[in-house]
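First comes the structure, then the notes that go with it.
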Amino acid sequence: MRTLAIVLGGVGAGGVAALLALADPAPQAQQAAAVADSIAAPVISDTAALRGPRQPIFFRHDIHAGQFKIQCQYCHYSVAVSPEPGIPSTQTCMGCHLVISGSDSASRTEIAKVRQAWSEKKPTEWVRVHFIPRHAHFPHQRHIKAMGPNACATCHGDVARMPQVFKVNQVDKMGFCITCHLERNVSRDCSVCHY
Amino acid sequence: MDDETPSTTIDRRHFLTVLGTTAGGALALSGCSTDNVQKLVPYLVQSEDQVPGLATWYASTCTECPSGCGVHARTREGRAVKLEGNPEHPINQGKLCSRGQAALQGLYNPGRIKAPMARSADGTFQEIGWDDAIARLAAGLGKAGGRVAAISGAGRGTFSDLLADWTSALGGRLVRYETFDDEPQRAANREVFGTDQLATYDFGRARYIVSFGADFLDTGGASIENSRGFARSHGFEDKDVAKLVFAAPRMNLTGLNADQWLPTRPGSETALALAMANVLLAERGGEPAGLAGALASYTPAMAERETGVPAGTIERIAREFAAARPSLAVAGGVAGQHSGAVELCAAVNVLNFAAGNLGETVRFGADLPAAGGLAPLAELTRAMGAGEIAVALVHEANPAYTLPNASGFAAAFGKVGLKVSTSLHLDETAALCDLLLPEHHALERWDDLRPRAGVYSLMQPVMEPVFNTLPAGDVLLRTARAAGGALARFDAPTYEAHLRSRWQALATELGAGDFDTFWHEALRLGGAFRDPPASPAIALSVSGGQEARYTPPAFEGEGDFVFIAYPHSMLYDGRGANKPWLLENADPVTKITWHSWVEVGPGAARALDVRNGEILELTSPHGTVEAPVYVYPGLRDDVVAMPLGLGHTQYGEFARGRGVNPLDLLAAPTGEFVHYLSTRVRVRKTGGYRKLASVEGVPRQLGRGIAEAIPLAAAQQGLTVEQAYMEAGRGKHEVNTERELEAVHGWAEEQREATEYGDYRGEDPQWGMAIDLAKCTGCNACVTACYAENNIPTVGEAEVLRGREMTWLRIERYWEGGEEPGDPVSARFVPMLCQHCGNAPCEPVCPVYAAYHTADGLNGQVYNRCVGTRYCANNCPYKVRYFNWYKYNEKAWPEPLHLQLNPDVTVRARGVMEKCTFCVQRIRGAQNHARLEDRPIRDGEFTTACAQACPSDCIVFGNVRDPGSRVAGLQQNPRGYRILEDLNVRPAIAYLAKVLHPVEA
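Residue numbers (the working numbering), protein chains in the order written: chain A, 1 to 195; chain B, 196 to 1196.
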């Protein structure tokens, strides 16, 4: 439960209350949620010091999900209906970045890369951060259904505060899944995930 | 499982890493091991149709045979991964045969021609561009001056109409060619009924069926539709079973489902049909007048002399046939295509007419398409040989393979100036061509078919093309633009536009109103379906005094045996031979995979002193072939039989050089059809031996009570199998003594508590199955569906020989009787899959708990736990566990076949045990879906792949704990029994015993 409370902190403000109600959280999580309302994404001068794999475009979740509080599902569109969360198409990026060019030179450089990818019709090849082994099946939609629309942070960590996404939890290790399933007294049947 | 995965393997995970791009779909195949860096490649523009991780279904039409069944293609992330029947389609109503399902392996076949090609000066094919290819064809046509021919096997539809217009605009000729075209039946209908049409048969209403060699359940006609009807009349629905009598020298799959086999002399069935009609008319009184006179000389005694069937039997069957109303007689079939085939079909027409079946079970008016016989092709062959043809275009036909060598097609074709093929694969005919213009696969293109009146079946692209191909319709239109002149009137910009304009006309014709609504509805339904027109009144056009004709066929050549060539159940005329599913899924009759065989009757085998696998040399006046023997109890001793479809010299790596082609023994076709039953052969033992790659286990039940049957009378009284045995005066198992049985039952009682393992809370669903053996015809559609759904690897001939096939679901075929000469033989089929035992013997022996019982009643197999001790397989009494001896995950799907893999199912690695999971991925998928809607799973909301495919609907899957479910009802059926029940393993599958007519001489 301690881990859970910590990761809850970073969820975009909107659905936190719903999540908390489901997760039956400790009081300090409420405080963390209050902080989440007032994120201001920092200016990053040294990207080499950031955790996580370097991506072809320095896409900042802390700006999009933290500072501007865009809902996770705006981009990860299929997470509530499908086992796969969905990676936003370049068109989705261009929906905003056709008009938003960035406020400083660093972000303008990165946004220019998106626009170039769009004009060249070359999708961006993101480096995968989270994955589970092939013999395990993780239906995202069941977890969103059970834990609410902003439960993402439970596994993915406080992405809304990450300038560059890194792996917080060992989502590719069964122990991580089982701990949560034990705490919530939901199925531990092997064939629920392994088939 | 992870550490041995090299970077080239493609599987479920890999699909997800490559979410695909938009048009073109360049596959960025990076490493896929969990240790490697993976890429997430998003769409540039998200398709509205697709949600990653969920299937999108498209309705289309099957083109694997002329039946024209509707299919639903399941696509994931832009790739077709499974084909199922379209439930809305009037012909197949949601079911699909093995050959139809395997169309997917045609789509992703490694042997496909990847781009247009032209033969270069050194004789090899060189890749060219499409503009160049079209220009070459246009130039060739420009110089041809009307000396143009097209050979097309395309079904009736917009494309074949366009091709006909196109060739006639050029002043050329179009020859339609379909290998098995029912031409004898058509000729007989012309002769007897004065109609050019083929009839459709209503097997569901028939109370008594006599098949004169017709393989209506398998390779003859719309087998899915026929199987559905046959299950209704023969499957103990309404507490009755229509009788099926099968008269032919060789039992095909339909014969194995018959209640009685009459092993007639080859070519003599006409006498039998006429004698039956004669008896029937005598029975019913002289109506219509004149007909009785025409049949007067065909007495049962005469028929006995001709066929070898006792006159008493003929008379009894004729009486039973007359008494049952309506009844149905069907004739023809490829294996019975001899010089008297038209007479046979005519005789059967007379029999149906005399029995009053016209308009009842035999209906005209469906307007089934026809290619038009062999005569036009024979004439074209002559013209080509004489150098009268400058340009020949071959489309969806492979006459260089499907005609006997003696026909001289290949040599004549070679004299054509420019030979063009639109074939997807480099088949024997394409290999002779100068210009290859590979067409889109049916799943990649817009098209339609009109397989019968009132059925307008649409095809739509379900995915982007795999290769640089072009729809043949576009080839015609682009060539028309390039060539101009007479072709200039073909001005549609694309074939899709042309198709739409045709459908616009159709909408008007059907009075459909708004076209957009009509079109979208057609796309959703898979076409536009209207009620079939009423059967027109058909009268006998035979004049009164005319004598019915029967000419005993003369077989050319010397030798003791008449030679029968018949279509292969899986490979059909050979078009399936490039698809590993069809090669590895055993022939339902012989259970042989991957190679050719020659069938010899048991008496003949004794006389020749040959056993299974010994190589025989067959020599006819036209050639010689060698193949290993299969001793087949369903064959007369004066014939030998071989399946068509193998012995390819081209057609991709799977087909080339595999087996032999029995067409090499046949004469050049004369007249309207190939005579597949026309020659005698000399048989010689070569002394060679080749173990048969058979998946048959022990061919007899040996008293184990695996495939149970119950007499019709007992079934009607509602007796159980055991009660029926007791009533017949014998105990259930011959092998167990009473003491043994007592001990077994006592032990079972003691163990009862242990059988509740896994049922932790008593509130989960308990998945179970019921399989009705009265309906199962052994057709193998379920097996292919299982391969497709569960990523089952095909292991190849060498591994099958070691007994390492991976068929999670197999159909066991057991012989009954026939052990002594003269003793009638019959067959029973049992689909055998993991029984998901409640007290499973495989579970306690697993040292790592990889085999375990789930709360919802499944016998789970956790691949990532399995360490490969194989104890579970040793302890399984049903032998349904299969071990990955090699890295089949790397070998079984050579690119691009790997694109067919179901992303919902783990691809198993070496050293892992696997088995039927009751399609757990479908269960979980349905549970996920139901959970989103906050409801329990509804009965029938989903089913397993095998149950979905079964043409006779003999497999029913569901939650047995739900008292309202279909499966729970069937499991209570008195005919129900569990296989090897006395082992107390508590199988979750209830089999319903086959219902038998009493055996009569």
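Note that beta-carbon positions come from the ideal geometry of N, C-alpha and C, so glycine has one too.
Span separating the alpha-carbon of A729(B) from that of V650(B): Roughly 14 Å separates the two Cα atoms.
Backbone secondary structure at H635(B) - three-state DSSP: Collapsing the DSSP output to three states places H635(B) in coil.
Contacts that Y1058(B) makes with chain A (C-beta to C-beta distance below 9 Å): What Y1058(B) touches in chain A: H135, H194 and Y195.
Distance CB(A345(B))-CB(L588(B)) smaller than 8 Å: With respect to the 8 Å criterion, A345(B) and L588(B) are classified as neighbours on the basis of their beta carbons.
Closer than 7 Å at the beta carbon, the chain B residues around P163(A): Within chain B, no residue comes near P163(A); the closest Cβ sits about 19 Å away, beyond 7 Å.
Below-8 Å beta-carbon distance, R1126(B) vs any chain A residue: yes
Which of helix, strand or coil DSSP assigns to A153(A): For A153(A), the secondary structure class from DSSP, reduced to helix, strand or coil, is helix.
Residue-chain proximity (G175(A), chain B), Cβ-Cβ < 8 Å: no
Residue-chain proximity (E125(A), chain B), Cβ-Cβ < 8 Å: E125(A) has a beta carbon lying within less than 8 Å of a beta carbon in chain B.
At least 3 beta-carbon pairs within less than 8 Å: the segment 814-822 of chain B vs the segment 857-874 of chain B: yes
Outcome for L665(B) when other beta-carbon atoms lying within 10 angstroms are tallied against a minimum of 16: Buried is the call here.
For E779(B) and N856(B), the rounded distance between their alpha carbons: 18 Å
Residue-chain proximity (Q241(B), chain A), Cβ-Cβ < 8 Å: yes
Buried versus exposed, by CB contacts within 10 Å (16 or more), R997(B): Exposed, since its Cβ has fewer than 16 Cβ neighbours within 10 Å.
Length of the line joining the Cα atoms of E373(B) and L486(B): 35 Å
Coarse secondary structure for S225(B), derived from DSSP in three states: Its pLDDT being 31, under 50, S225(B) is placed unreliably by the model, and the measurement read from it follows with that caveat. S225(B) falls in the coil class under three-state DSSP.
Residue of A409(B), F431(B) and A1183(B) minimising C-alpha distance to T1049(B): A1183(B)
Any C-beta of chain A under 8 Å from that of P1158(B): no
Cβ-Cβ distance between D62(A) and A41(A) below 8 Å: yes
Rounded Cβ spacing between N1070(B) and P988(B) (contact assumed at less than 8 Å): That pair is no contact at about 24 Å.
Chain A contact for T1112(B) (CB, 8 Å cutoff): yes
Spatial distance of A636(B) from E1038(B) (CA atoms): Reading off the sequence shown, one finds His at residue 636(B), where the question assumed Ala. So the two alpha carbons sit approximately 45 Å from each other.
Same chain, Cβ closer than 8 Å to H181(A), neighbours up to 5 away in sequence not counted: S187 and R188
Within chain B, the residues that F138(A) reaches when beta carbons sit closer than 8 Å: Result: empty, since nearest Cβ-Cβ is about 10 Å, beyond 8 Å.
Assumed close pair R853(B), H790(B) - CB separation to whole angstroms, cut-off 8 Å: Confirmed, about 6 Å.
Q961(B): contacting residues in chain A (beta-carbon distance under 7 Å): The premise fails here: Q961(B) is roughly 14 Å from chain A at the closest Cβ pair, so nothing lies under 7 Å.
Contact list for the segment 1037-1057 of chain B against chain A, Cβ threshold 7 Å: Y1047, T1049, A1050, L1053, G1055 and V1057
Contact belief for T256(B) with G721(B) at Cβ below 8 Å, rounded distance in angstroms: 7 Å
Beta-carbon gap between V890(B) and V835(B) smaller than 8 Å: no
Enclosing alpha helix (DSSP H) for G883(B) [first to last residue]: Element bounds for G883(B): not the alpha helix (DSSP H) but the beta strand (DSSP E), T874 to Y884.
Contact check, L907(B) vs V405(B), beta carbons under 8 Å: It is not a contact, given that the beta carbons lie outside the stated cut-off.
Inter-stretch contact at 8 Å, needing at least 3 Cβ pairs: the segment 676-692 of chain B / the segment 598-611 of chain B: no
P237(B) at chain A interface by Cβ criterion, 8 Å: At a cut-off of 8 Å between beta-carbon atoms, P237(B) makes contact with chain A.
Of the residues A297(B), Y1047(B) and S1021(B), the one placed nearest L448(B), counting alpha carbons only: S1021(B)
Closest Cα partner of D1177(B) within the set I787(B), M964(B) and C1032(B): C1032(B)
Residues that R1119(B) contacts on chain A, provided the C-beta gap is smaller than 9 Å: H137, P139, S191, V192, C193 and Y195
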